[in-house]
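In the UniProt record's numbering, the protein residues as written are 1 to 288.
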């Protein structure tokens, strides 16, 4: 069935949308067309001289998608679609938490950065200063994005606390984007992420799936994460033995986990749960 036929089924149904011009304040609106073009969206925002404006869709992962005035955008996904518009014909690119984003003004506030990138309140935002000291960006600070090159922002945990209540936004996005179910577990002030039903290489072990536990030390993600752990314990089918350096128990949260000693350098500001998942996948594939 074509988009036009699909669109007919949504006739008379208003679609909720919302707009921002600063990344902090948002305004609700609605539109009847399920697949409007950019100019229609701007009109729904109350803009008359639409040709003087640029429009971006803010995607669920926080990234921006440029929408031309004559380009369609499908509103039929569940939820309220969010857009940013600017009276400008130029966009300014920047990166935060290794994601590239765009902004329609040369100035952006620290609060807008935090909201747009979904940065956890426990983390501070810094502007990377090449060859110098990184600059702390408070919510009320303004950053000029019009300089040479692409401005780069990093996030650093603001303070060390016992236990773990929530993962950094970059970790949550990675796990959700890859369809990985997880839970956060605390034991005596030590936090961990347990990834449920992690698939193993076919026919290699005596189980098809395991739970993978990654302990996160105080100061994570800047503090180094080292080993990972599995339940149930698994053996190689070919030998009926445990894999090398994977035969030591680790008690955590009332269970005896199988410890996998796989070490590597840690890069603060870059490495995270993605790193550990890749390390686990590699260890399972190469296990002997």
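Ideal Cβ positions, reconstructed from N, Cα and C, are used throughout, including at glycine.
Residues bridged to residue i [DSSP beta-bridge criterion]
i: residue 221; result: Paired residues: none, contrary to the question.
i: residue 209; result: 199
i: residue 94; result: 101 and 151
i: residue 230; result: 212 and 258
i: residue 191; result: 186 and 216
i: residue 83; result: 19 and 57
i: residue 249; result: 258
i: residue 142; result: 109
i: residue 126; result: 136 and 154
i: residue 37; result: 72
i: residue 64; result: 58
i: residue 28; result: 18
With 16 other Cβ atoms within 10 Å as the buried cut-off, status of residue i
i: residue 323; result: No answer is possible for residue 323: the residues shown for the chain start at 1 and end at 288.
i: residue 115; result: buried
i: residue 267; result: exposed
i: residue 251; result: exposed
i: residue 23; result: buried
i: residue 107; result: exposed
i: residue 112; result: buried
i: residue 171; result: buried
i: residue 256; result: exposed
i: residue 279; result: buried
i: residue 253; result: exposed
i: residue 179; result: exposed
i: residue 67; result: buried
CA nearest to the CA of residue i, picked from the options
i: residue 156; options: 119, 111 and 225; result: 119
i: residue 272; options: 75, 105, 222 and 187; result: 222
i: residue 153; options: 31, 178 and 117; result: 117
i: residue 175; options: 188, 185 and 198; result: 198
i: residue 177; options: 274, 281, 75 and 129; result: 274
i: residue 309; options: 184, 206 and 101; result: There is simply no residue 309 to check, as the chain begins at 1 and stops at 288 in what is shown.
i: residue 260; options: 151, 226 and 200; result: 226
i: residue 249; options: 52, 229, 50 and 134; result: 229
Spatial distance of residue i from residue j (CA atoms)
i: residue 196; j: residue 93; result: 36 Å
i: residue 86; j: residue 126; result: 25 Å
i: residue 26; j: residue 38; result: 18 Å
i: residue 69; j: residue 90; result: 14 Å
i: residue 104; j: residue 64; result: 11 Å
i: residue 224; j: residue 192; result: 13 Å
i: residue 348; j: residue 97; result: Limits of the chain in this structure are 1 at one end and 288 at the other, which puts residue 348 out of reach.
i: residue 212; j: residue 56; result: 38 Å
i: residue 217; j: residue 29; result: 44 Å
i: residue 281; j: residue 95; result: 28 Å
i: residue 16; j: residue 77; result: 11 Å
i: residue 245; j: residue 138; result: 45 Å
i: residue 33; j: residue 231; result: 50 Å
i: residue 185; j: residue 202; result: 28 Å
Neighbourhood of residue i by C-beta distance below 6 Å, restricted to the same chain and skipping five residues each side
i: residue 183; result: 194
i: residue 82; result: 18 and 58
Closer than 8 Å: residue i CB and nearest the ligand COA heavy atom
i: residue 226; result: In terms of ligand content, the structure shown is empty, and the ligand COA therefore cannot be addressed.
Close-in-space but distant-in-sequence residues of the same chain around residue i (CB under 8 Å, 5 per side omitted)
i: residue 100; result: 63, 93, 94 and 150
i: residue 135; result: 126, 127 and 129
Neighbourhood of residue i by C-beta distance below 7 Å, restricted to the same chain and skipping five residues each side
i: residue 160; result: Per-residue confidence for residue 160 stands at a pLDDT of 45, beneath the threshold of 50, marking its modelled position as unreliable; the derived number appears in the next sentence. Around residue 160: 218 and 219.
Beta carbon proximity, residue i to chain D, threshold 9 Å
i: residue 91; result: Absence of chain D from the displayed structure is noted, only one protein chain being present.
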